[in-house]
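Chemist: All residue numbers for the first sequence refer to the numbering used here, where the first residue is 2 and numbers rise by one. Note that beta-carbon positions come from the ideal geometry of N, C-alpha and C, so glycine has one too. These numbers were taken from a predicted model, which means no experiment stands behind them. Before I ask anything, let me first share the structure, which is written out below as structure tokens.
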Amino acid sequence: MCGRINLTAAPHVLAERFYLDVVPDLLPRYNIAPGQDLAAVVPNPGSAGRLLRAFRWGLVPPWSRDPAAGPKLINARSETVREKRAFGEAFARRRCLVPVNGFYEWQKRDGGSQPFLIRRRDRDVFALAGIWERWQYPGDRVLETCSILTTVANGVVRPLHHRMPVIIPQQDWRQWFSLDEAQQEAVMALLKPAPADLLLAHPVTRRVNSPAFDDPACLEPVADDRKGQLNLFG
DNA sequence: CCAGACGTTGTT
DNA sequence: GTCTGG
DNA sequence: CCAGACGTTGTT
DNA sequence: GTCTGG
């Protein structure tokens with residue numbers, strides 16, 4: 002699955018890579034947890050470019066009575082997202098890309114969960130497939146939330162976990178944003194595991210387990226007490 | 001028809 | 001809001 | 001996802 | 001054990 006991400010790319014890099022109409026004002030984040038705001042790229046209806054927006058991670062369907070209640074919909078299975086009532090409308094009309102420099106997966110071990118950072122071999126920023134929703138408070142205020150799509154793990158993630166986030170390569174971003182009914186088959190075809198040779202995984206400090214810990218040490222490889230049982234270093 | 005759910009993950 | 005179950 | 005709380009009353 | 005908060 003995908004329950005923790007980071008985004009460290011400089012604002013001007015994000016603006017250039019994602020064709021943003023405005024250079025965002027963003028601080029690097031090393032440990033973004035569900036319930037917090039993440040940055041998401043959406044088409045800008047007013048131009049050919051795109052916008053970066055803040056969505057709370059954990060989708061709240063528009064018919065939910067209380068956005069604080071209920072399970073946290075932080076992921077949506079790509080295999081079924083189209084047919085689920087909580088996700089169908091968002092998938093049909095409100096897709097986004099979640100820019101990340103990496104995501105974390107946990108391996109269950111005796112004595113606790115060991116976190117691993119998974120990122121591109123070249124450490125460049127990349128994009129996860131997301132959907133978002135809008136929940137109207139009794140007054141004027143609106144809560145905007147999102148969920149990250151998952152698929153089966155590829156060879157890099159499989160030793161850690163059997164699910165991973167869907168990654169949309171840059172050449173497919175336009176297709177991902179296409180809401181045209183005739184394009185839906187092509188959109189569904191994007192929901193597959195990334196090629197294993199795109200990514201590398203390494204263990205990181207268990208301090209990452211706490212969402213309160215959000216600094217560059219989150220990214221640093223640490224010695225693995227079970228190194229040799231895993232072949233994650235390519 | 002109305003009532004009630006609406007989700008993923010991991011584990012059993 | 002929309003679908004499923006009764 | 002993991003970490004941390006998990007409760008009421010009355011008083012300051 | 002289960003829920004909430006981050």
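Measure how close the beta-carbons of V209 and P116 come, nearest whole angstrom, since I'm counting them as under 8 Å.
Modeler: Indeed, because the Cβ distance is near 4 Å, the residues count as touching under 8 Å.
Chemist: To the nearest angstrom, how far is it from the Cα of G47 to the Cα of P160?
Modeler: Whole-angstrom Cα-Cα distance: 44 Å.
Chemist: With DSSP collapsed to three states, give me the class of Q115.
Modeler: Strand, per DSSP.
Chemist: Where DSSP assigns a beta bridge to V153, which residues make up the other side?
Modeler: In the DSSP output, where bridge partners are listed per residue, V153 has R164.
Chemist: Can you have a look at T146 and say buried or exposed, based on whether 16 or more other CB atoms are within 10 angstroms of its CB?
Modeler: Buried, because 16 or more other Cβ atoms sit within 10 Å of the Cβ of T146.
Chemist: Determine the closest residue to R95 out of N45, D67 and A49, with distance taken between C-alpha atoms.
Modeler: Comparing Cα-Cα distances from R95 to each of N45, D67 and A49, the minimum goes to N45.
Chemist: From T81 to L27, what does the alpha carbon distance come to, in whole angstroms?
Modeler: Near 33 Å, if we compare the C-alpha coordinates of L27 and T81.
Chemist: Between the beta-carbon of S282 and the beta-carbon of A77, is there less than 8 Å?
Modeler: Any property of residue 282 remains undetermined from this structure, which presents the chain solely from 2 to 235.
Chemist: With which residues is K85 paired in a DSSP beta bridge?
Modeler: K85 pairs with nothing; no bridge assigned.
Chemist: With distances taken from CA atoms, which of V24, A16, F56 and G50 is nearest P35?
Modeler: The shortest C-alpha separation from P35 is found at F56.
Chemist: Whole-angstrom Cβ separation of G131 and L150, contact assumed at under 8 Å?
Modeler: Contact flag correct, Cβ pair sits at about 7 Å.
Chemist: V43 and P97 - do their beta-carbons sit closer together than 8 Å?
Modeler: It is worth fixing the name first, because residue 97 is Cys in this sequence and not Pro. A contact, by the Cβ cut-off of 8 Å.
Chemist: Less than 8 Å between the beta carbons of N102 and L15, yes or no?
Modeler: Contact flag unset, no.
Chemist: Can Y138 be considered in contact with the ligand SAM, in the sense that its beta carbon sits closer than 7 Å to one or more heavy atoms?
Modeler: Absence of the ligand SAM is noted for the structure shown, with no ligands found whatsoever.
Chemist: How would you label D215, buried or exposed, when you count the other beta carbons within 10 angstroms and need 16 or more for buried?
Modeler: D215 is buried by the Cβ-count criterion.
Chemist: Tell me whether R142 is buried or exposed, calling it buried when 16 or more other Cβ atoms sit within 10 Å of its Cβ.
Modeler: It counts as exposed.
Chemist: Which whole-angstrom value describes the C-beta separation of P25 and L53, a residue pair presumed to lie in contact below a C-beta threshold of 8 Å?
Modeler: About 5 Å; that satisfies the 8 Å criterion.
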